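Worksheet: the structure to be examined is printed underneath.
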Amino acid sequence: MPSTATDAITTLKTLWGQISDLSSATSLLHWDMEIMMPVKGANARASQLSTLSELIHQKMTHPDLQAALSDAQNQLDSLSREDKALVRELTRSVEQATKLPSKLVAKEAELTTKAHHIWVDARKNKDFKAFAPILSEIVALNKEKAECFGYSGTPYNALLDLFEPGLTVTELDGLFGQLKPALIELVSAIENSTADTSFPFLNNTFDADKQWAFSERVLRDMGYDFEAGRLDKAPHPFCTNFGIHDVRLTTRVYENDVFSALFSSMHEGGHGLVEQGANPAFERTPLTGASMGIHESQSRMWENLVGRSKAFWTFYHPHLQAMFPEQLKHVSLDQLYAAVNRSQPSYIRVESDEVTYNLHIILRYELEKALMTGELAVADLPDAWNRKMHDFLGITPHDDAQGVLQDVHWSGGMIGYFPTYTLGNLYSAQFFNTAKKELGNLDEQISQGKLTGLKQWLNKAIHLDGQVDLPRDIVKRVTGEAPNSAYFLDYLWDKYSPIYGLTRP
Ligand code: ZN
3 MPSTATDAIT TLKTLWGQIS DLSSATSLLH WDMEIMMPVK GANARASQLS
53 TLSELIHQKM THPDLQAALS DAQNQLDSLS REDKALVREL TRSVEQATKL
103 PSKLVAKEAE LTTKAHHIWV DARKNKDFKA FAPILSEIVA LNKEKAECFG
153 YSGTPYNALL DLFEPGLTVT ELDGLFGQLK PALIELVSAI ENSTADTSFP
203 FLNNTFDADK QWAFSERVLR DMGYDFEAGR LDKAPHPFCT NFGIHDVRLT
253 TRVYENDVFS ALFSSMHEGG HGLVEQGANP AFERTPLTGA SMGIHESQSR
303 MWENLVGRSK AFWTFYHPHL QAMFPEQLKH VSLDQLYAAV NRSQPSYIRV
353 ESDEVTYNLH IILRYELEKA LMTGELAVAD LPDAWNRKMH DFLGITPHDD
403 AQGVLQDVHW SGGMIGYFPT YTLGNLYSAQ FFNTAKKELG NLDEQISQGK
453 LTGLKQWLNK AIHLDGQVDL PRDIVKRVTG EAPNSAYFLD YLWDKYSPIY
503 GLTRP
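The opening residue of the sequence shown carries number 3 in my numbering; numbering runs sequentially from there.
Listed below in structure tokens is the structure:
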């Protein structure tokens, strides 16, 4: 007897709840591996993770889940907005887990494990030729995956959709087509500026414990809940969560860099607020959290639009100064503000500033797109990379480690991920503009160290509704406009014109 729509939803939530628990356990084991695990624990951990992933796969492909899902799909019209979204997201996850033949899944696991080691050596030896053969296999495998998932237009669309639901080349070509020339123009205006960008105070040493305390303080001010989270040290900053009330952050501290720990904590804290801010009714469903692009919009907003703003430093400058009186006593607010917003073309994406960053991403996007259509051969990647670096940023890498080999993503099989970083930046400026309009005095609040006004606005406007809407629709719902690059460009010009003495053309 066919079940009612409510029955189907209850069954789905129960079955998915178990998958969600197993996924959380997996994430916790990964967190532990990065933060706590002794080296000799690696082998046992690998088998624990493999058992969990097998259990997850069994449950994802179980006939009971399939049956409940098709019951719900057949009665979609009688479902609430949230339950419709639940069915959409579960269908998506189940399809992603089941559309690939197990042979292909195994091949991907094997290929990427091998590729990672080859990439590490190739980067060390600055030798792209050593990495090229396995990268060709990864590109071919991604083309096969696209065929399995299905797509309209180009196969690259199938990959983009894995990371940002509904994202297409057509949409990205539109967004990036406007953004690219405008950024190149701004980068060259900054390059030609005569502003003094040497900040000798940055060369001081800054005690790690004090930096840690400062980062924690700012996280508290942002409204990050330490009773539902924690901050730990790790070589790579990240945010992970095992439910709404256990959202963990990591960061790293460099004594020769007073800003690194702070900005990476604010970045990860921005991710953390998304997870802590989800509707408790969505716990153990795929409706908590956000897409990659929306997630990144929150982290980048806290890191850059808040953390690198004049308003922020108006409040925190004296506090940082009091913490490091020797190093900062003669440093004015304006000098500090200019120092955190220094912009300069550089080779390495993760070290780049907010003006040049998106050109690094657009470069990767154009190359991935050409690889997927076959217009570009893997062997020609280094030349294509270096040419674009020159055209976009006016610099040419000296070797492949500084160029095409710098990122880990392709060795991990991730093609289609990079664009979500830039989407995040575009969304962040668009959301922030709306927040300013709706809150009326956001700058004033921030300059008084009151950061929770923004946090509460983001909770209500974005976090609480989680992934009920698709990313593009979230931007439209919150800002009244489709995603576009205008707000981000306005933001950059408004900020960098006074710092570098520029006039916008
Ligand atoms: Zn991030």
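Note that the Cβ used here is the ideal one computed from N, Cα and C, for glycine as well. All values derive from a computational prediction rather than experimental measurement.
Nearest to residue i by alpha carbon, out of the options?
i, options, result
"GLN404", "MET416, PRO421, PRO347, VAL380", "PRO347"
"PHE314", "ILE448, THR100, GLN337, THR424", "ILE448"
"ASP198", "GLU483, TYR339, SER267", "TYR339"
"ASP471", "SER82, ALA111, GLU440", "SER82"
"ASP393", "ILE120, LEU365, MET268", "LEU365"
"GLY503", "ILE397, LEU164, SER195", "SER195"
"SER430", "GLY455, VAL410, SER487, ARG219", "SER487"
"GLU285", "GLY19, THR12, SER5", "GLY19"
"GLY418", "GLU440, LEU369, LYS390", "LEU369"
"SER345", "ALA236, LEU361, HIS238, PHE434", "LEU361"
"ASP79", "THR6, PRO135, ALA117", "THR6"
"ASP409", "ALA117, SER49, ALA70, LEU185", "ALA117"
"GLY176", "VAL276, THR13, PRO485", "PRO485"
"GLU193", "GLN432, GLY245, ILE464, ILE397", "ILE397"
Look at the alpha carbon of residue i and the alpha carbon of residue j, and state the distance between them as a whole number of angstroms.
i, j, result
"VAL480", "THR436", "8 Å"
"VAL141", "THR170", "18 Å"
"TYR489", "ARG302", "14 Å"
"TRP495", "ALA191", "10 Å"
"ASN243", "SER29", "7 Å"
"LEU92", "ASP85", "10 Å"
"HIS59", "LEU102", "12 Å"
"ALA87", "ALA148", "24 Å"
"PHE201", "ALA236", "28 Å"
"GLY376", "THR172", "18 Å"
"ASP17", "ASP66", "It is worth fixing the name first, because residue 17 is Leu in this sequence and not Asp. Whole-angstrom Cα-Cα distance: 8 Å."
"LEU262", "PHE317", "In the sequence under discussion, the amino acid at residue 262 is Ser, which differs from the Leu named in the question. Taking the straight line joining both Cα atoms gives about 19 Å."
"MET35", "ALA48", "10 Å"
"PHE216", "LYS371", "42 Å"
"THR115", "ASP492", "43 Å"
"ALA184", "PRO507", "10 Å"
"VAL352", "HIS411", "13 Å"
"PRO384", "THR424", "22 Å"
"ALA381", "ARG310", "40 Å"
Count the other C-beta atoms from every protein chain shown that fall within 10 angstroms of the C-beta of residue i, then say buried if there are 16 or more, exposed otherwise.
i, result
"GLY152", "exposed"
"ILE37", "exposed"
"MET3", "Caution applies to MET3, whose pLDDT of 48 falls short of 50 and renders its modelled position unreliable; the model cannot decide the point."
"GLY291", "buried"
"GLU440", "exposed"
"ALA160", "buried"
"ARG474", "buried"
"PHE434", "buried"
"THR12", "exposed"
"GLY426", "buried"
"ASN443", "exposed"
"ALA46", "exposed"
What is the C-beta distance between residue i and residue j, in whole angstroms, given that I count them as a contact (C-beta under 8 Å)?
i, j, result
"GLY231", "GLN180", "That belief does not hold up - the Cβ atoms of GLY231 and GLN180 are roughly 37 Å apart, past 8 Å."
"LEU106", "GLU56", "That pair is no contact at about 17 Å."
"PHE203", "GLN329", "6 Å"
"ILE476", "ILE296", "6 Å"
"SER95", "PRO288", "6 Å"
"MET224", "LYS462", "So it is not a contact: roughly 16 Å between Cβ atoms."
"GLN77", "ALA10", "7 Å"
"GLU166", "MET294", "6 Å"
"VAL189", "VAL357", "6 Å"
"ARG222", "PHE228", "7 Å"
"VAL308", "LEU453", "7 Å"
Leaving aside the five residues before and after residue i along the sequence, list all residues of the same chain whose C-beta is less than 6 Å from its C-beta, in chain order.
i, result
"CYS241", "LEU251, GLU270, HIS273, GLY274"
"ASP467", "none"
"SER25", "none"
Between residue i and the rest of its own chain, which residues show a CB-CB distance below 7 Å, the 5 nearest in sequence each way excluded?
i, result
"THR8", "none"
"TYR367", "LEU174, PHE178, PHE420, PRO421"
"ALA124", "PHE130, ALA132, PHE133, LEU407"
"HIS247", "ALA230"
"LEU54", "LEU24, ALA27, THR28"
"THR207", "GLU257, ASN258"
"THR156", "VAL171, MET374, THR375"
"GLU139", "LEU113"
"ILE21", "ILE58, LYS61, MET62"
Can you name, in chain order, every residue of its own chain whose Cβ lies under 8 Å from the Cβ of residue i, other than the five neighbours on each side?
i, result
"LEU51", "THR28, LEU31, HIS32"
"THR505", "SER499"
"LEU164", "GLN98, PHE151, GLY418"
"LEU143", "LEU106, LYS109, GLU110, LEU113, GLY415"
"LEU14", "LEU67, ALA70, LEU71, ALA74, LEU88, VAL89, LEU92"
"ARG254", "LYS235, ALA236, PRO237, HIS238, PRO239, SER262, ALA263, SER266"
Kindly indicate if chain B contains any beta-carbon less than 7 Å away from that of residue i.
i, result
"VAL477", "The chain inventory of the structure shown lacks chain B, comprising one protein chain alone."
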